[in-house]
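Worksheet: the structure to be examined is printed underneath.
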Amino acid sequence: MTIILENICKSYGDLQVLDNYNLTVEWGRAYCLTGPEGCGKTTILKVFMGLEKPDSGQIHRMGDYKYPTLQSAYVSQADANLVMKKNAIWNVKKVHRWASKGRAIEELSKFIPVERQTIPVSELTPVERRFVEIVRALFVPADFIVLDEPFEGMNEAEREKAKAYILEIRGTRPLLMATRKPEGVDFAKIINLE
Numbered sequence: 001m002t003i004i005l006e007n008i009c010k011s012y013g014d015l016q017v018l019d020n021y022n023l024t025v026e027w028g029r030a031y032c033l034t035g036p037e038g039c040g041k042t043t044i045l046k047v048f049m050g051l052e053k054p055d056s057g058q059i060h061r062m063g064d065y066k067y068p069t070l071q072s073a074y075v076s077q078a079d080a081n082l083v084m085k086k087n088a089i090w091n092v093k094k095v096h097r098w099a100s101k102g103r104a105i106e107e108l109s110k111f112i113p114v115e116r117q118t119i120p121v122s123e124l125t126p127v128e129r130r131f132v133e134i135v136r137a138l139f140v141p142a143d144f145i146v147l148d149e150p151f152e153g154m155n156e157a158e159r160e161k162a163k164a165y166i167l168e169i170r171g172t173r174p175l176l177m178a179t180r181k182p183e184g185v186d187f188a189k190i191i192n193l194e
């Protein structure tokens with residue numbers, strides 16, 4: 001399967017963020033959008049997932065695909081998908097109602113001590129919340145993985161741990177990520193939006 005963004009234009013009021021932008025995402029490949037804040041990285045991710053409608057341009061799905069929509073595993077930029085008053089286990093299980101509590105604890109334990117998994121997410125550190133977001137997104141089956149600033153606030157060891165987990169869970173699914181700091185993203189084709 002290949003997904004093609006063709007001549008995508010997107011504006012917010014008078015601000016044109018994307019002007020005839022093109023991107024081809026192929027099965028089994030990883031891509032990293034990079035550039036300064038405000039250059040359109042998050043907008044591209046949202047258009048790719050269908051969360052934002054472009055002002056003009058087309059999105060093509062090429063290849064054999066039997067469902068009308070694609071499912072994405074999505075890590076948002078700022079904990080937007082977490083319910084802050086609930087704990088980490090609840091947040092992970094919420095996305096997959098058939099998953100066991102034990103499996104949620106097992107996956108979270110790769111990053112967060114068990115005793116911290118039961119406190120409200122709002123009381124976790126920003127890095128722990130990023131780990132919850134990553135586990136939560138990758139906990140469900142999806143056609144592709146989209147990560148917006150997944151390593152934000154992490155030190156080098158934490159980045160490596162998160163990167164290894166993402167690559168292990170990813171398999172051969174396409175991965176599209178955005179970051180201002182692409183250092184260490186050696187597993188993806190870097191696309192600079194400057």
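In terms of UniProt numbering, the sequence shown opens at residue 1 and continues consecutively. We treat Cβ as the ideally placed atom computed from N, Cα and C, and that holds for glycine.
Ser100 is not bridged by DSSP to any residue.
Excluding five sequence positions before and after Ile4, the CB atoms of its chain that fall closer than 6 angstroms to its own CB belong to Thr24 and His60, given in chain order. Phe139 and Gln58 have their C-alpha atoms some 30 angstroms from each other.
With three or more CB-CB distances shorter than 8 angstroms, the segment 127-137 counts as touching the segment 84-94. In this structure, Ala88 and Leu124 form a Cβ contact; the two beta carbons are roughly 7 angstroms apart against a cut-off of 8 angstroms. Counting other Cβ atoms within 10 Å of its Cβ, Val114 stays below 16 and is therefore classed as exposed.
Assigned with DSSP and collapsed to three states, Ser72 falls in strand.
A Cβ-Cβ distance of about 7 angstroms is found for the pair Glu107 and Val92, placing them in contact under the 8 angstroms criterion.
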